[in-house]
Amino acid sequence: PRLAKLGEVVEKTGYPVGGVPPIALPNHVKLVVDESLLKHDRVYGGGGEDGVLLEFNPKELVELVKPLVAKLTK
């Protein structure tokens with residue numbers, strides 16, 4: 001996995017930069033979640049449009065979406 005380049009975001013996901021949600025992604029897009037998010041009860045991510053946020057429980061997201069959970073930050 002790698003971080004998408006700015007020009008690839010809309011092309012690959014159908015969502016604008018900053019608005020990519022952790023759900024409803026095309027099948028060819030693999031969601032990667034930093035393991036540090038699992039320490040929190042609620043986090044915020046893209047809501048499908050620029051300026052719209054989605055509040056969610058990261059543990060529930062992992063159960064439902066089955067993303068790759070990895071250490072991405074120090």
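Oh and the sequence shown: position 58 is 58 in the numbering used here, straight run, nothing missing.
All residues carry an ideal CB built from backbone N, CA and C; glycine is no exception.
In whole angstroms, what is the alpha-carbon distance linking residue 72 and residue 2? If I take the Cα positions, the gap works out to 11 Å.
Report the rounded CA-to-CA distance for residue 46 versus residue 55, giving the unit in angstroms. So the two alpha carbons sit approximately 9 Å from each other.
CB contact flag (residue 38, residue 59, <8 Å): Yes.
Using beta-carbon positions only, say whether residue 13 and residue 29 come within less than 8 Å of one another. Their beta carbons are under 8 Å apart, which means residue 13 touches residue 29 by this criterion.
Could you tell me whether the Cβ atoms of residue 49 and residue 19 are closer together than 8 Å? Yes, they are a contact pair.
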